[in-house]
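First residue of the sequence shown? That's 274 in the numbering used here, and the numbers climb one at a time after it. By construction, the Cβ of each residue, glycine as well, lies at the ideal position given by its N, Cα and C atoms. Keep in mind the model is a prediction, meaning the values are calculated, not measured. Reading through the structure tokens given below for one structure.
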Amino acid sequence: MKKEVLLAIGIGVALGLILTFAIYSFRSSPSKNFSFVSPLPDQASDTSKIPTQPTISPSLTLISPLDESISKEGKTKIVGVAPPKSWILILSEKGEKLLQTDNQGNFETEITLISGENEIEVKCFDQNQEIANKIITVVYSTAEI
Numbered sequence: 274m275k276k277e278v279l280l281a282i283g284i285g286v287a288l289g290l291i292l293t294f295a296i297y298s299f300r301s302s303p304s305k306n307f308s309f310v311s312p313l314p315d316q317a318s319d320t321s322k323i324p325t326q327p328t329i330s331p332s333l334t335l336i337s338p339l340d341e342s343i344s345k346e347g348k349t350k351i352v353g354v355a356p357p358k359s360w361i362l363i364l365s366e367k368g369e370k371l372l373q374t375d376n377q378g379n380f381e382t383e384i385t386l387i388s389g390e391n392e393i394e395v396k397c398f399d400q401n402q403e404i405a406n407k408i409i410t411v412v413y414s415t416a417e418i
């Protein structure tokens, strides 16, 4: 019994000394300078030769519902304005809808809400394949406030 206890103590001390030496030698070793290679050009390189065109994303304005609003009904109307004849994609918890704006850029549709928090994402694709994106949250609750 005493032999086993002494053997366990000896093994524990030996492992402790080995780990202490490893940590000490790792911390005292000189640090190596590593260089990171980035696929992006750094600021010192000449980027003036690269032609850039400003991209103008289409405007997307949501009129209804307001972000973080509370609804007592299981359906809500999505009303907004975007560039004329652009495509509107509405992604909600219950599905998605695709519609096109009219000649004035107006759009309107009704979506079904789930009980609780509904994250509604509205994406606008104009004729130049530019994208605008808005995300709103509508909470559907039947509880009296």
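Thr410 to Ser359, Cα distance in whole Å? 23 Å
Count the other CB atoms, across all protein chains shown, that sit within 10 Å of the CB of Gly285; report buried if there are 16 or more and exposed otherwise. exposed
When DSSP labels each residue in this structure, what does Ser292 get in the three-state scheme? Before going further, note that residue 292 is Leu rather than Ser in the sequence given. If DSSP states are grouped into helix, strand and coil, Leu292 belongs with the helices.
When you compare only the Cα positions, how much space is there between Asp375 and Asp399? 12 Å
Give me the Cβ distance between Lys350 and Glu390, rounded to the nearest whole Å; I'm assuming they're in contact under 8 Å. Incorrect: roughly 18 Å between the Cβ atoms, too far for contact.
Pro327 - DSSP class collapsed to helix/strand/coil: Because the pLDDT at Pro327 is just 47, under 50, the model does not fix this residue reliably, and the value given afterwards should be weighed accordingly. DSSP places Pro327 outside both helix and strand once states are collapsed to three, so it counts as coil.
Quick check on this structure: which residue in Leu386, Ser301, Ser298 and Thr334 has the alpha carbon closest to the alpha carbon of Gly378? Closest option to Gly378, Cα to Cα, is Thr334.
Provide the residue span of the beta strand (DSSP E) that contains Ala405, from first to last. Ile404 to Tyr413
Considering Cα atoms alone, identify which of Pro357, Leu290, Glu417 and Thr415 is closest to Asn401. Ranked by Cα distance from Asn401, the options Pro357, Leu290, Glu417 and Thr415 are led by Pro357.
Kindly list the residues whose CB is nearer than 7 Å to the CB of Lys407, restricted to its own chain and excluding five residues on each side of it in sequence; keep chain order. Leu333, Leu335 and Val395
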